[in-house]
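The numbering of the sequence shown is this note's numbering, which starts it at 89 and goes up by one. Even for Gly, the Cβ is constructed at its ideal location relative to N, Cα and C. Since the model is a prediction, treat every value here as computed from it, not as a measurement. In what follows, a structure is listed as structure tokens, so that the remarks can point back to it.
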Amino acid sequence: MRDPRSLSASERQAILDRCARANMALYVSACGADPDKDIPRRLGAQVGLHHVDANFLADDDGISPLAVAGAGTRTEFVPYTSKPIRWHTDGYYNALDRQVQGMLLHCVRDAERGGDNQLLDHEIAYIQLRDLDPEYIRALMAPDAMTIPPRIVEGASLRPHAGDETRPLYPGGVPAALGRPGGGEARPAQPGPVFSVDAAGFLHMRYTARTVSIAWKQDEATRAAVGALEGILSGANPCALRARLLPGMGLVCNNVLHDRSGFEDSPAHRRLLYRARYFDRVSAA
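Written out as structure tokens, the structure is:
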């Protein structure tokens, strides 16, 4: 595309068609290393992405600059390091009424080495798992299949669990009861299904391959289903795509499964991607 900030009718339709068919679209634009944050913001708005999930590590506009953080709170979270990130969908730790439906990545700068993404349509993962055994699907649609532990307040600061990028439960500050020494629970545990169907009939997936800060339902059916899903994601899946986003490239998707390889920066190549998460799906609205 020429300029994601102002799509032509055919460019916009190309994104909508691909997301309707495969839940994702990769694009190449002429923007190059332009750091303008209006690029992802205006692109999203043109394909129905309006309601941003402004997690507490995002900038004030709700867009997260994904780069290696040199100091501050972001250094504690893997997306702001050069470490690899395992398969997941975004916002898996959100409350069930605030699930991330759409997601946009836009590359400003790539790393010297690495930083590739694998992408897999979650509907394909569902089909592959169902074809192995429909009981796996039944287990992972249980309302308590996967639980994210509560977020804890330590003293007067909000300390999310590793990997939890949700915004503070109390935007105006920590209530006195939680701000006392010893802290308390800032957000309760978040149980929910892996697979669910929304009111419009679309399949949604909340998942992470993390092995810490995750509590799976302790029954044989769930353990078997999780193991089978891990097998689908750990092998050379013929339906998975691998992409390395270069400056001006990006991804628009309905929160598909994705991972990220580790990477190495150099003075000339310091990886920077803008990420925006939405409560909307990609649509013509």
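As the crow flies, the alpha-carbon of Val300 is around 14 Å from that of Ala277. Annotation: Asp185 to Met191 spans about 17 Å, alpha carbon to alpha carbon. Per DSSP, Ile173 is not a residue of any alpha helix (DSSP H); the beta strand (DSSP E) it occupies stretches across 173-176. DSSP lists Leu361 as the beta-bridge partner residues of Cys195. Around the beta carbon of Gln101, a 10 Å sphere encloses fewer than 16 other beta carbons of the protein chains shown; the residue is thus reported as exposed. Contact between Pro281 and Pro231 holds: CB atoms are separated by about 6 Å, below the 8 Å threshold. In this structure the stretch 316-324 does not touch the stretch 161-168; the number of beta carbon pairs closer than 8 Å is below three. Under the DSSP assignment, Leu217 falls in the alpha helix (DSSP H) whose first and last residues are 210-220. CA-to-CA, the gap between Leu220 and Ala287 works out to about 27 Å.
Only residues of its own chain outside the window of five on either side were considered, and among them Ala121, Asp122, Pro123, Pro335, Leu360, Leu361, Tyr362 have a CB closer than 8 Å to the CB of Val196, listed in chain order.
For Arg100, the uninterrupted alpha helix (DSSP H) segment begins and ends at 97-110. With contacts defined as CB atoms closer than 8 Å, Pro128 and His210 fail to qualify as a contacting pair. DSSP places Ser284 in the uninterrupted beta strand (DSSP E) bounded by 283-285. Annotation for Val344: no beta strand (DSSP E) segment contains it, and DSSP assigns it neither H nor E.
By alpha-carbon distance to His176, the top candidate from Tyr295, Gln189, Val156 is Tyr295.
One thing to note: Gly150 has its Cβ no nearer than 8 Å to the Cβ of Ala157. Taking C-beta separations shorter than 6 Å and ignoring five residues to either side along the sequence, the partners of Ser117 in its chain run Met89, Pro92, Gly336, following chain order. Per DSSP, the continuous beta strand (DSSP E) segment holding Pro279 begins and ends at 278-280.
Between His357 and Asp198, the C-beta gap is smaller than 8 Å, which places the two residues in contact. Spanning the alpha carbons of Ala373 and Glu308 requires a straight line of approximately 43 Å. The residue from Ala108, Ala331, Leu131 with its alpha-carbon nearest to that of Ser94 is Leu131.
Judged by beta-carbon spacing, Ile103 lies beyond the 8 Å limit of Ala110, meaning their Cβ atoms are not closer than that value. Taking 8 Å as the cut-off, the Cβ atoms of Cys107 and Leu208 do not count as close. Rounded to the nearest angstrom, the Cβ distance from Gln206 to Asp353 is 21 Å, too far for a contact under 8 Å.
Setting aside the 5 residues that flank it on each side, Leu137 is surrounded in the same chain by Gly190, Tyr366, Asp368, each with a C-beta closer than 6 Å to its C-beta; the list follows chain order.
For Tyr181, the closest C-alpha among the options Ala297, Asn325, Leu333 is that of Ala297.
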